[in-house]
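These notes are about the structure you will find just below.
Chains as they are written, first to last, in my numbering: chain A, 238 to 356; chain B, 14 to 126.
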């Protein structure tokens, strides 16, 4: 069975601090995909990043960076120099890639981490 | 380009009533997903379709829930009869087969009194 664990329920930091959101996953599949989504107070789910299980290269996008480590089954997300607009609930998700289907299928979400950036 | 469209955005109904949620996926997307978000259970998949065919409905809570996708541009999720514990935000998402990102609609907030 697939499972995603986001152990940090809530994080509160002061603006400009760096913050890392943890994500640990479980799967028996050798091919899978990992995602991060952001849910701001308005409620929509915004896609941030996708990683496949064969690509362990870390990625940086502006103030956002992601660290994927298969050895520890982790896919952590770091926001550098946080801003108030980063306040949201962040979800890590896992998707299998079964044979016969191209690309990822259903997403299994973690419980989310509520991030509050205080001015 | 229009994203995933869901209607209504908010629905308040009384226990026992039938509720129908609607979703229009992004044009050209051939996979559609229905998720439910609650405080207790978080985000969970209810059902998904590939090319209008239901692939996995194991997340549908019980027989009161049903979903259809009569064509590539429309899907419904129906609850009959509704119960207070069905109160949640229901998200629809779509993607292109062969791609990995699922794009989510704005959600329908359902309140069953």
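For each residue, glycine too, the CB sits at the ideal point set by N, CA and C.
Boundaries (first-last residue) of the beta strand (DSSP E) holding residue i
{"i": "residue 351(A)", "result": "350-355"}
{"i": "residue 276(A)", "result": "269-276"}
{"i": "residue 121(B)", "result": "121-125"}
{"i": "residue 69(B)", "result": "66-69"}
{"i": "residue 83(B)", "result": "78-84"}
{"i": "residue 55(B)", "result": "55-63"}
{"i": "residue 298(A)", "result": "296-298"}
{"i": "residue 248(A)", "result": "247-251"}
{"i": "residue 258(A)", "result": "256-258"}
{"i": "residue 34(B)", "result": "32-37"}
Residue i classed as buried or exposed, judged by whether at least 16 other C-beta atoms fall within 10 angstroms
{"i": "residue 246(A)", "result": "exposed"}
{"i": "residue 355(A)", "result": "exposed"}
{"i": "residue 309(A)", "result": "exposed"}
{"i": "residue 133(B)", "result": "Not covered by the structure: residue 133(B). The range shown for chain B is 14 to 126."}
{"i": "residue 352(A)", "result": "buried"}
{"i": "residue 82(B)", "result": "buried"}
{"i": "residue 101(B)", "result": "buried"}
{"i": "residue 113(B)", "result": "buried"}
{"i": "residue 255(A)", "result": "exposed"}
{"i": "residue 251(A)", "result": "exposed"}
{"i": "residue 277(A)", "result": "exposed"}
{"i": "residue 240(A)", "result": "exposed"}
{"i": "residue 25(B)", "result": "exposed"}
{"i": "residue 322(A)", "result": "exposed"}
Where residue i falls: helix, strand or coil (DSSP)
{"i": "residue 323(A)", "result": "helix"}
{"i": "residue 341(A)", "result": "The pLDDT assigned to residue 341(A) is 48, lower than 50, so where the model puts this residue is not dependable, and the model offers no usable value."}
{"i": "residue 108(B)", "result": "strand"}
{"i": "residue 91(B)", "result": "strand"}
{"i": "residue 361(A)", "result": "Residue 361(A) cannot be examined here, being either before or after the span of chain A that is shown, 238 to 356."}
{"i": "residue 265(A)", "result": "coil"}
{"i": "residue 98(B)", "result": "helix"}
{"i": "residue 22(B)", "result": "coil"}
{"i": "residue 115(B)", "result": "coil"}
{"i": "residue 289(A)", "result": "strand"}
{"i": "residue 50(B)", "result": "strand"}
{"i": "residue 238(A)", "result": "coil"}
{"i": "residue 3(B)", "result": "Shown here, chain B extends from 14 to 126; a query on residue 3(B) therefore has no answer."}
{"i": "residue 317(A)", "result": "coil"}
{"i": "residue 332(A)", "result": "strand"}
{"i": "residue 45(B)", "result": "strand"}
{"i": "residue 302(A)", "result": "strand"}
Short CB-CB distance (under 8 Å) between residue i and chain D
{"i": "residue 239(A)", "result": "The displayed structure is made up of protein chains A and B, and chain D is not among them."}
Any non-hydrogen atom of the ligand ZN within 7 Å of residue i CB
{"i": "residue 101(B)", "result": "No copy of the ligand ZN appears in this structure; indeed no ligand is present at all."}
Discussion item. Taking beta-carbon pairs under 7 Å, can you tell me which members of the stretch 42-72 of chain B lie near chain A?
Written reply: 46, 55, 56, 58, 61 and 69
Worksheet item: When Cβ atoms are compared, which residues of the stretch 96-125 of chain B fall closer than 9 Å to chain A?
Response: 102, 104, 106, 108, 109, 110, 111, 112, 113, 114, 115, 116, 117, 118, 119, 120 and 122
Discussion item. Against chain B, which members of the stretch 259-289 of chain A pass a CB distance test of less than 7 Å?
Written reply: 270, 280, 281, 282, 284 and 287
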